[in-house]
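Oh and the sequence shown: position 8 is 237 in the working numbering, straight run, nothing missing. We put the CB at the ideal spot given by N, CA and C, even for glycine. Bear in mind the structure is a predicted one, so any value in this text is a computation, not a measurement.
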Amino acid sequence: VQLQASGGGLVQPGGSLRLSCAASRSINSIYVMSWYRQAPGKQREPVAIIISSGSISYADSVKGRFTISRDNAENTVYLQMDSLKPEDTAVYYCKIIDYGAHTYWGQGTLVTVSS
230 VQLQASGGGL VQPGGSLRLS CAASRSINSI YVMSWYRQAP GKQREPVAII ISSGSISYAD
290 SVKGRFTISR DNAENTVYLQ MDSLKPEDTA VYYCKIIDYG AHTYWGQGTL VTVSS
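The following block contains the structure:
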């Protein structure tokens with residue numbers, strides 16, 4: 230499976246962005262879809278996870294501001310990011326795990342929050 234992430238860019242504090250991660254095949258057989266981020270000089274960390282059952286979880290730092298969703302018809306997972314803060318600046322990666330426990334990563338998209 231190939232993943233194509235997009236939607237990053239430069240935004241002012243308090244602004245919004247929507248990231249997209251399009252899979253090269255149907256995501257109906259995907260067990261977990263998630264977004265991670267890696268800020269300069271820091272380790273990659275999970276941001277939001279959505280499981281095939283519909284269960285969703287978020288990192289404490291983004292709760293109430295970010296929303297993860299999936300569109301099976303479009304084979305895409307989204308991350309709506311609102312009320313962005315400078316500390317949200319990072320490269321954002323999508324990651325999926327299928328039912329065979331294979332893990333796939335997208336190439337990353339840069340989000341910069343700055344005035």
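For Ile279, which of Val261, His331, Val291, Thr318 has the nearest alpha-carbon? Ranked by Cα distance from Ile279, the first of Val261, His331, Val291, Thr318 is Val261.
In the DSSP assignment, what are the bridge partners of Ile278? For Ile278, the pairing in a beta bridge is given by DSSP as Ser263, Ser286.
Does the region 242-259 come close enough to the region 268-275 that 3 or more CB-CB pairs lie under 8 Å? Below 8 Å, too few C-beta pairs join the region 268-275 and the region 242-259 to call them touching: fewer than three.
Just to confirm my understanding: we take Gln309, look at its own chain, exclude 5 residues before and 5 after, and list those with CB closer than 6 Å. What are they? Only Arg247, Thr296 meet the Cβ criterion.
Cβ shell of Ile326 (< 6 Å), same chain only, five flanking positions each side left out: Taken in chain order, the residues that qualify are Tyr260, Val261, Thr332.
Between Gly237 and Leu339, which are expected to be in contact by the criterion C-beta below 8 Å, what is the C-beta distance as a whole number of angstroms? 5 Å between Cβ atoms; contact.
Please name the residue or residues paired with Tyr328 in a DSSP beta bridge. Answer is none; Tyr328 lacks a bridge partner.
Work out the CA separation of Ala302 and Leu232 for me, nearest whole Å. About 15 Å.
Could you tell me whether the Cβ atoms of Tyr328 and Trp264 are closer together than 8 Å? Their beta carbons are not under 8 Å apart, which means Tyr328 does not touch Trp264 by this criterion.
Return yes when the Cβ of Arg266 is within less than 8 Å of the Cβ of Asn304, no when it is not. Arg266 sits away from Asn304, with the two beta carbons spaced by 8 Å or more.
Starting from Ile256, follow the beta strand (DSSP E) in both directions and report where the run begins and ends. Looking at the DSSP string, Ile256 is not in any beta strand (DSSP E), and its letter there is neither H nor E.
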